[in-house]
Each structure stands twice: as C-alpha cells, then as structure tokens.
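A quick write-up on the structure given underneath.
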Amino acid sequence: MEIKHNFSLRNLNTFDLPAISKRYATLKSTQDIHEFLKLYKANDELLILGGGSNILFTRDFDGTTVKIEIPGIHVVKEDQGYYWVKAGAGVNWNDFVESCIKADMGGVENLSLIPGAVGAAPVQNIGAYGVELKDVLEAVEAIEISTGERYYFRNHECRFGYRDSIFKNEYRDRFIITNVALRLRKSPVPNTSYGQIAEMLDTKGIKNPRIREVSDAVIQIRRSKLPDPEVMGNAGSFFKNPTITAEKFTDIKSSHPSISGFDQPDGKVKLSAAWLIDQCGLKGFTVGGAAVHDKQPLVIVNKNNATGLEILELANKVQSTILEKFQIQLEPEVRII
Ligand code: FAD
Ligand code: EPU
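In my numbering, each residue's number is its place in the sequence shown (first place is 1) plus 17.
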C-alpha cells in the first residue's frame with residue numbers, strides 16, 4: 018500500500034475530468050485498508066472511489082482518495098434453490114454479472130452493462146429494467162473508518178430505496194464496503210416485466226428467454242441510447258426520476274396529455290425526468306463543452322473538453338428550467354464533489 022501525492026483522477030472518472038487528488042492510494046485487500054487506516058488522520062477529507070461512474074468533480078480534491086480494488090468471486094453457500102455468492106468490492110460489476118450468467122445463476126441479468134464496481138452497487142442500490150440490487154442482495158460487509166472494525170449489514174439494514182441506501186446518507190464516508198453477498202437462483206426466473214425488454218424479445222421471436230437472452234436484450238437497448246463513457250464522458254442518468262402527488266400528476270396531464278406516470282405503492286406517481294427535460298426543448302443544449310445528450314436527455318455528456326463547473330452549470334440550468342415550467346425540483350443522482 019503506497020500513498021501517492023497530487024494524483025490525477027482523469028482516468029478514474031467516467032466524465033473524463035482532470036481532477037487532482039492531494040493524496041491517493043489503491044487498496045487491494047482488507048489488510049491494505051487496515052494499514053491505510055493506521056496512517057489516515059480523521060480530519061483529512063476522504064473519498065472512497067470505485068469505478069468513478071457516478072461522480073462529478075468540479076474541483077481538485079484536497080484530501081485522500083482511496084480506490085477499492087478488492088478482488089474475488091466465490092460461492093459461499095448453496096441450498097436446493099439458491100447460491101450465495103460473495104464478490105469483492107473491486108470486482109467490475111458487469112464482469113460479475115457476466116460470470117453469474119455463465120454459471121446460470123439468475124437474478125442480476127437485468128443489471129447487465131451498468132458501469133462501476135461491486136462495492137458501489139449497494140451505495141445507490143443500482144437498478145435497471147425492472148430489477149434493483151436490493152432484490153438479490155443478502156448482506157454488505159464493510160469496515161468502519163473511525164474504528165477499523167468489520168460490520169455486516171443485512172438487506173433490511175441497508176435501508177434501500179430508489180437510488181438510495183444508508184450508505185448514501187447517514188453512513189456516507191463512514192464505512193468502506195469490502196464485499197457484497199448476493200442470493201442468486203439455481204433455476205433462474207427471467208424478469209421481462211419492463212416493456213422495452215418484452216418488446217425486444219418479442220421482435221426476436223423469443224418466447225421463453227434464458228437469462229443470457231434477457232441480458233443480450235438489455236445490452237442492446239442500453240447501447241442504443243446510453244453514450245459509451247469510453248467515447249463520450251458521462252455518468253449515466255444525471256438526475257433521479259421525480260415523484261409527485263397524484264393530484265399534481267392529473268394537473269400536468271391536463272395541459273400535457275402525452276406525459277406518462279408510474280403509480281408508486283405510496284399513492285404517488287413517478288415521472289420520467291427525460292420526458293420533462295425533452296419537453297423543455299433542452300435536448301442538445303450546451304454550456305461550454307457540456308451537453309444534454311440528444312438520444313437520452315437525462316444524461317449529461319462531456320462533449321468537448323468540458324470542465325466540471327460547466328457540467329454543473331448545465332445541470333443547474335436543467336433544474337431551474339424544469340422548476341419554472343413544471344414546479345418540480347429534480348434531484349441529482351450523481352455525487353458532486
Ligand atoms: P463511484 O462513482 O466510484 O462511487 C459512487 C459512490 O459510491 C460514491 O459516493 C463513492 O464514495 C461510493 N463508493 C464507491 N465504492 C465504495 C465502497 N467500496 N465503499 C463505500 N462507498 C463506496 N446506475 C444505475 O443504478 N442504473 C443504471 O442503469 C446505470 N447506468 C449507467 C450508465 C452509464 C453509461 C454510466 C456512466 C453510469 C450508469 N449508472 C447507472 C451509474 C453508475 O454506474 C452506478 O452508480 C455505479 O454503481 C457506480 O459505481 P462506481 O464504482 O463507478 O462508483
Ligand atoms: N424519454 C423522452 N425523451 C427521450 C428519451 C426518453 O421523453 O429522448 C422518456 C420516454 O418517455 C421513455 C422514458 O423517458 O419511456 C424512459 O427512458 P429510459 O427507459 O431510458 O429510462 P429512464 O427513466 O431515462 C431509468 C434509469 C436508468 C436505467 C433505465 C432502465 C433513473 C434515474 N434512470 O432511466 O438508470 O438504466 O431507467 O431501467 O432511474 C442511471 O441510473 O444512471 C441509469 C442510466
């Protein structure tokens with residue numbers, strides 16, 4: 018474990034922003050973490066980094082960045098119906114999904130091609146195409162930064178919500194997630210509830226899909242609209258989809274009949290933020306080198322050497338426009354540093 022100084026994070030964030038971290042270390046094992054914590058001073062700002070695919074740097078980082086690279090994927094238990102699989106926080110999420118599909122373990126195939134590391138997946142309860150991590154997560158193993166003690170959080174203790182968990186709130190920057198355990202099916206039950214997946218499988222004439230075919234459909238849909246960060250910097254959806262009251266939804270629908278809403282268990286209605294942004298004519302809108310993506314307006318892209326502050330200014334412009342036109346406050350999904 019070596020602490021480096023004035024380290025460029027450019028290759029470690031998918032917005033491709035040239036932020037410098039005052040100190041930087043790669044931690045490849047729990048032993049590395051313990052060694053690091055002995056040196057770490059509590060008043061130093063700490064940033065825990067996975068794949069950097071949900072972070073916007075608007076400045077250099079005047080503290081210590083630790084990139085978690087704990088490897089390993091192991092089946093730790095099985096019964097007649099399930100495998101319990103433990104994966105290191107540093108495993109690439111999509112590599113993990115791929116290894117589960119190869120082994121015919123069902124439950125994560127709808128989460129194919131989401132960038133980032135396994136350790137960050139519980140932080141915002143990653144989700145896509147009708148599945149969220151919380152549907153398969155058994156437990157999260159983490160080390161408390163202030164004490165070096167190991168903790169286990171069971172599913173209900175993680176307080177998962179839509180793009181939310183305890184690790185994004187009370188426990189943010191208090192724990193380093195080291196391993197994640199998932200419970201996966203031995204006889205997979207493909208989830209094709211998301212309209213676009215059902216349509217894609219139907220177009221291909223696939224009636225009883227295997228998990229590989231569900232994954233292929235997800236990958237095809239994602240590639241058709243989400244920009245590849247290797248080609249154009251971005252962090253996926255910049256904002257969360259907002260939830261409003263049923264009354265407000267009826268009110269907006271009367272003036273905008275094309276709006277779609279998704280009923281929530283608490284009686285509220287979830288809207289498509291992409292639709293709201295599109296309605297405001299913001300597709301392709303730019304601030305400096307930052308742009309609202311023209312295929313998926315919920316994604317802000319680093320189109321032409323944007324600075325983090327330009328991306329932030331564009332995000333603020335999107336928020337203020339939606340607030341003015343619809344009286345809805347969009348909340349960022351991306352962590353802003
Ligand atoms: P980072 O960006 O490195 O970190 C994110 C947060 O987690 C930070 O607060 C960080 O401090 C914390 N963190 C990271 N690792 C640890 C750890 N070991 N312990 C404690 N805290 C940690 N997300 C979805 O939910 N669904 C999608 O469909 C989706 N599609 C995307 C598509 C694209 C093209 C891109 C670029 C992003 C997309 N995302 C999506 C967002 C992103 O992939 C996820 O949020 C992912 O989980 C972030 O992983 P990461 O390792 O890159 O996290
Ligand atoms: N839409 C428009 N105009 C457009 C594009 C989309 O109006 O140009 C509207 C359409 O009504 C469309 C709707 O947006 O039906 C939804 O688009 P999409 O299926 O891409 O879903 P999303 O709400 O934009 C969410 C997640 C994605 C996730 C997909 C699939 C959030 C914030 N985003 O996007 O997650 O992959 O659903 O489940 O919930 C991420 O979190 O980074 C992310 C990419």
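A virtual CB, placed ideally from N, CA and C, is assigned to each residue, including glycine.
DSSP three-state assignment for residue i, whether helix, strand or coil
{"i": "T164", "result": "coil"}
{"i": "K84", "result": "strand"}
{"i": "T220", "result": "helix"}
{"i": "A234", "result": "helix"}
{"i": "H273", "result": "coil"}
{"i": "R171", "result": "strand"}
{"i": "N258", "result": "coil"}
{"i": "G68", "result": "coil"}
{"i": "A145", "result": "strand"}
{"i": "S241", "result": "helix"}
{"i": "G250", "result": "strand"}
{"i": "T31", "result": "coil"}
{"i": "I178", "result": "Per the sequence presented here, residue 178 reads as Gly, with Ile not at that position. Reduced to three states, the DSSP call for G178 is strand."}
{"i": "V157", "result": "strand"}
{"i": "R229", "result": "helix"}
{"i": "E52", "result": "helix"}
{"i": "A36", "result": "coil"}
{"i": "L73", "result": "strand"}
{"i": "I183", "result": "helix"}
{"i": "I214", "result": "helix"}
{"i": "V135", "result": "helix"}
{"i": "K58", "result": "coil"}
{"i": "D152", "result": "helix"}
{"i": "K265", "result": "helix"}
{"i": "T43", "result": "strand"}
{"i": "A140", "result": "The sequence shown places Val at residue 140, not Ala. V140 falls in the coil class under three-state DSSP."}
{"i": "T209", "result": "coil"}
{"i": "L63", "result": "strand"}
Near the ligand FAD: residue i beta-carbon under 6 angstroms from a heavy atom
{"i": "S38", "result": "no"}
{"i": "L73", "result": "no"}
{"i": "V135", "result": "no"}
{"i": "P132", "result": "yes"}
{"i": "Q237", "result": "no"}
{"i": "R352", "result": "yes"}
{"i": "A332", "result": "no"}
{"i": "I85", "result": "yes"}
{"i": "S70", "result": "yes"}
{"i": "P139", "result": "no"}
{"i": "P35", "result": "no"}
{"i": "A104", "result": "no"}
{"i": "G67", "result": "yes"}
{"i": "I194", "result": "yes"}
Residue i CB to nearest heavy atom of the ligand EPU below 6 angstroms
{"i": "S289", "result": "yes"}
{"i": "L150", "result": "no"}
{"i": "G178", "result": "no"}
{"i": "K16", "result": "One cannot answer for residue 16 here, as it falls past the ends of the chain, which runs 18 to 354."}
{"i": "L218", "result": "no"}
{"i": "P314", "result": "yes"}
{"i": "S254", "result": "yes"}
{"i": "A145", "result": "yes"}
{"i": "N225", "result": "no"}
{"i": "D233", "result": "no"}
{"i": "N109", "result": "no"}
{"i": "N2", "result": "Given a span of 18 to 354 for the chain in the structure shown, any question on residue 2 remains unanswerable."}
{"i": "D3", "result": "Past the boundaries of the shown model lies residue 3; the chain is included only from 18 to 354, so the question cannot be answered."}
Is the number of C-beta pairs between the region 69-84 and the region 27-43 that are closer than 8 angstroms three or more? They touch, by the three-pair rule.
Pairing CB atoms from the region 109-120 with CB atoms from the region 41-60, are three or more of them under 8 angstroms? no
For the 8 angstroms Cβ check, are there 3 or more pairs between the region 143-151 and the region 164-183? yes
Can we say the region 262-274 touches the region 240-247, given the rule of at least three CB pairs closer than 8 angstroms? no
Given 8 angstroms as the limit, is there contact between the region 132-140 and the region 63-75, that is, 3 or more CB pairs closer than that? yes
Do the region 245-263 and the region 225-232 meet, that is, are 3 or more Cβ pairs less than 8 angstroms apart? no
Take every Cβ of the region 110-128, pair it with every Cβ of the region 195-210, and state whether three or more of those distances are shorter than 8 angstroms. yes
What runs of the beta strand (DSSP E), each 3 residues or longer, lie entirely inside the region 97-132? 99-105
Where are the beta strand (DSSP E) runs, 3 residues long or more, that stay fully inside the region 274-348, in chain order? 278-280, 286-288, 307-309 and 316-319
Do three or more CB pairs link the region 336-347 to the region 294-302 at distances below 8 angstroms? Flag = yes, the region 336-347 and the region 294-302 touch.
Examine the Cβ distances between the region 87-98 and the region 167-179 and report whether three or more of them are shorter than 8 angstroms. no
The region 187-198 / the region 158-165 touching (three or more Cβ pairs under 8 angstroms): yes
Say whether the region 317-332 touches the region 302-309, bearing in mind that this needs 3 or more beta-carbon pairs closer than 8 angstroms, one atom from each stretch. Inter-segment contact for the region 317-332 and the region 302-309 is present: three or more beta-carbon pairs are separated by less than 8 angstroms.
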